[in-house]
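The next block holds one structure in the form of structure tokens; read it before the comments.
Chains as they are written, first to last, in this note's numbering: chain A, 15 to 241; chain B, 248 to 1045.
Next comes the structure, spelled out in structure tokens:
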């Protein structure tokens, strides 16, 4: 059984008079340990697909099984429990909380999984070390470069040992040097066995993935083997 | 330029309809409350200011100080007024007295019909020169010149004579004295400290008293006496003459104890709280309470306005950036934003003037007043309202104007958003607002509790199931026969008489006791009663015996006194007080019994020494009091009527219940209580809607953060805690400030009552729960909205 399986997933947005089909009967399987890149032009539905996969958004129709469990119709409360125990997110715009320090940002998911305080501290320190941010622990997001901020975000995504990382254009706001830094980090995670789904515009970044999926107008164009 | 400002302002109002609605409704409610209170105060302050020369018109009153047991009387002896006019004609223009036999109701016979009429007064000829009560018919100079003349107000004339011309008609008042109608006056305006319906010429009294009593009695003081001075300085000059005047005319035993004072006629309604007042007057302090509440409501509205405008400023940052880039300078922007807020408050003022017309009838019935919408435009209220609204708009707009105009264009245009600052001022304002609200809640609860306490406190006698009837002089000699007849009814338990209504009023009588030299008198509060009084009223005797019909000497030789008298005389225990001498001009009386203290007047007054005495002949008796069986009210009243008609068929049967009558003592308080509650509620609602809007903005500004936290696994309780922590901590700080503050304010207020409750910390706890509940409630709407939404909606970043 696949780790993630979606069937006939459809999602439409209505804005005033215009209806946009973001996902049009999309079906997809993702195996454990895969590194999948989602590509396509703006508005093709890739971010919507990622949000649905991350249970941040609901599809209008279709089925979605996550680790064997049907989750398409769960309410926000149940989804939030699944989310915090299984999924880590990395965003293009980092989405760090400005009022919290680097260490506090990384710690945040552990608070919500009710980790004991001393374990939290140890895990955060280890993560800061791993991300090369140990000397930045007390800094605030605004005081860091873009690449450093994204590393904080990745650290935050990894802190709960999630089964899957969902990354939405993780290098979109970074210059190429910092971008490569983040991609290498994701590659290392993949090699260590983490499942990753990444949305990207960049063919260069997509080459890090084990499989590339192209979307157009809400539909998957063709399955393509990875290198 | 102004056109562009107006256009922007108008569109901005419509761009955020919820915000506008909240802001305007808060302002409108505040201004409407303010206008209501202003109108009410305007009415209260306008009392007796319509008389011809009110600033030079005063009421004379006297204080008889007999070691604290005397009286402060609003009425004077008959000859005082004329003697003053006679002795000081260069100072006094005119003197007018009013007299009503200290009796509220007269029976008037018109042809074959009988009327029990209130508010009938005997008065001097010059009444219309001092009081601006225009005559619709008749000559004000001469209408009350001759004996047996009466002036009716037009409503009474209509009631008595229908549409016939009343001038020259005859009517008959008690004891068969015929009167001729010589004038019709317009109904006396309600802004008068008393409102007579009929005025009878003073000279008519000769028919009752003969010519001498009025001229020579310098002890009995039943005449309210008004003095109109020739000029402003005359008042001080006359005051300087009072001591020698008293020495010249007053009897020996009163000379050194009497002091005269003058009360400006326009102050009587709010200042005068003497004995024998024509009507229960209001208290200026009550008006201060209401004025303070009006101010508090305005302040709360200003705070709402300031907070909301500041909080919403992020939405206008781009506009500020664009305007600045295009050349606007800071002062232009300040003008623009101030203009906008003044525009809003003026809009609110205009709407609230309209709303006022709708709520005025409700307010009238609540406050027991008769304010007319048209009167609003007569006084300063509308101008006060409009200028207040401009000031309010200005004050409320000041901070946001400076805050908004300070945005740096390059920053706001690049980022599109302004960083959420600490907004310390906003927090201070919210705390301040909740301090005010909490104090108001605690005040409402405490005021309510105190007034209920006063209305429900055991008076020391049983005021329930007692019917009171005004006596008629011809019935006085038949009291024993009436009693015998009444007691035949199974529905009537007891019958007694009294000279004043117990619990409401009393007179003072002279006593000589202890080591006082003969001929010297001490005045003590006294009710003149008969042998059945203690039993009828359910008073308790703690030592000695009741007055006894079988002991013939009791009506000249026995008195009952209260515990306080025994204590203040230093007689020792109640038992030791028995047999003490209490000589009166009527005989050598002695204390035969001591009564447990009871509240012979309203609870506003402390209990002082008090005497129950019998006076033979019943000259003083004014009231019959009948205790009826519980549950037999109707049957008892029917029996009562039958007996009344057997003894006094020529007088209409009229009665009231003692309990209802005593409730009237607290009418003003009741009104104040209702008004305080009403305006506290309004203040609270305005604070709550302010908090509602503020929390919506605060949550809106934190939407992204909430989204991130949700994505990372935050659940509802954690988010609620996160979002409500800030507001709740402000509310808690406010409560910590409000508790001691309200304790200080209300404890002082309570101390002004002779009998009062203790300040209750339970009320503080209740207020705290209420304030927290309101704060949570006003946030809950936005909280649930955020909690239910999909996180992706909070972090839309594409």
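Where is the CB? At the ideal position from N, CA and C, for every residue including glycine. Predicted model, so just to flag it, every value in this text is computed and none were measured.
| query | result |
| --- | --- |
| Chain-ordered neighbours of residue 559 of chain B on chain A, where CB pairs are closer than 9 Å | The premise fails here: residue 559 of chain B is roughly 20 Å from chain A at the closest Cβ pair, so nothing lies under 9 Å. |
| is_contact[residue 703 of chain B, chain A] using C-beta, thresh 7 Å | no |
| Nearest to residue 196 of chain A (by Cα), restricted to the options A:22, A:118, A:168 | A:168 |
| Which of helix, strand or coil DSSP assigns to residue 745 of chain B | strand |
| Residue 1000 of chain B versus residue 851 of chain B: straight-line alpha-carbon distance, rounded | 6 Å |
| Members of the region 960-993 of chain B that neighbour chain A once the beta carbon cut-off is set at 9 Å | 960, 961, 962, 963, 965 |
| Own chain residues within Cβ distance below 6 Å of residue 643 of chain B, not counting five before or after | 549, 552, 553, 588 |
| Residue 917 of chain B: contacting residues in chain A (beta-carbon distance under 9 Å) | Near residue 917 of chain B there are no residues of chain A at all, since even the closest Cβ is about 52 Å away, more than 9 Å. |
| Pairwise C-alpha distance: residue 1020 of chain B and residue 105 of chain A | 39 Å |
| Collapsed DSSP secondary structure at residue 776 of chain B in the structure displayed | strand |
| Minimum C-alpha distance to residue 499 of chain B - residue among B:848, B:903, B:767, B:471 | B:767 |
| Chain B within 7 Å of residue 28 of chain A, Cβ atoms only | no |
| The region 318-325 of chain B / the region 463-476 of chain B touching (three or more Cβ pairs under 8 Å) | yes |
| As assigned by DSSP and simplified to three states, the class of residue 195 of chain A | helix |
| C-beta atoms of residue 688 of chain B and residue 276 of chain B nearer than 7 Å | no |
| Within chain B, partners of residue 122 of chain A - CB distance below 9 Å | 955, 956, 959, 960, 961 |
| Test: residue 25 of chain A CB closer than 7 Å to a CB of chain B | no |
| Every unbroken beta strand (DSSP E) within the region 808-891 of chain B, with a cutoff of 3 residues, ordered by chain | 837-842, 858-860, 870-875 |
| Residue range of the alpha helix (DSSP H) that includes residue 911 of chain B | Looking at the DSSP string, residue 911 of chain B is not in any alpha helix (DSSP H), and its letter there is neither H nor E. |
| Simplified DSSP assignment, three categories, for residue 751 of chain B | coil |
| Sequence-distant residues of the same chain with beta carbon closer than 7 Å to residue 415 of chain B, five excluded per side | 427, 428 |
| Range of the contiguous beta strand (DSSP E) that encloses residue 18 of chain A | 18-29 |
| Host alpha helix (DSSP H) of residue 554 of chain B (start-end) | 531-558 |
| Span separating the alpha-carbon of residue 594 of chain B from that of residue 937 of chain B | 19 Å |
| C-alpha gap between residue 297 of chain B and residue 478 of chain B, whole angstroms | 18 Å |
| is_contact[residue 152 of chain A, chain B] using C-beta, thresh 7 Å | no |
| Neighbourhood of residue 942 of chain B by C-beta distance below 7 Å, restricted to the same chain and skipping five residues each side | 974, 1025, 1026, 1029 |
| Complete runs of the alpha helix (DSSP H) confined to the region 973-1029 of chain B [at least 4 residues] | none |
| Inter-residue spacing [alpha-carbon to alpha-carbon] between residue 1016 of chain B and residue 927 of chain B | 16 Å |
| 7 Å CB neighbourhood of residue 694 of chain B in its chain, flanking five on each side removed | 920, 923 |
| Chain-ordered neighbours of residue 77 of chain A on chain B, where CB pairs are closer than 7 Å | Under the 7 Å cutoff, chain B gives no residues; its nearest Cβ is about 18 Å from residue 77 of chain A. |
| Beta-bridge partners of residue 261 of chain B, as assigned by DSSP | Per DSSP, none; premise fails for residue 261 of chain B. |
| Distance between residue 380 of chain B and residue 734 of chain B (C-alpha atoms, nearest Å) | 48 Å |
| Beta carbon of residue 401 of chain B nearer than 7 Å to that of residue 383 of chain B | yes |
| Any C-beta of chain A under 7 Å from that of residue 1037 of chain B | yes |
| Min CB distance residue 103 of chain A to chain B below 7 Å | yes |
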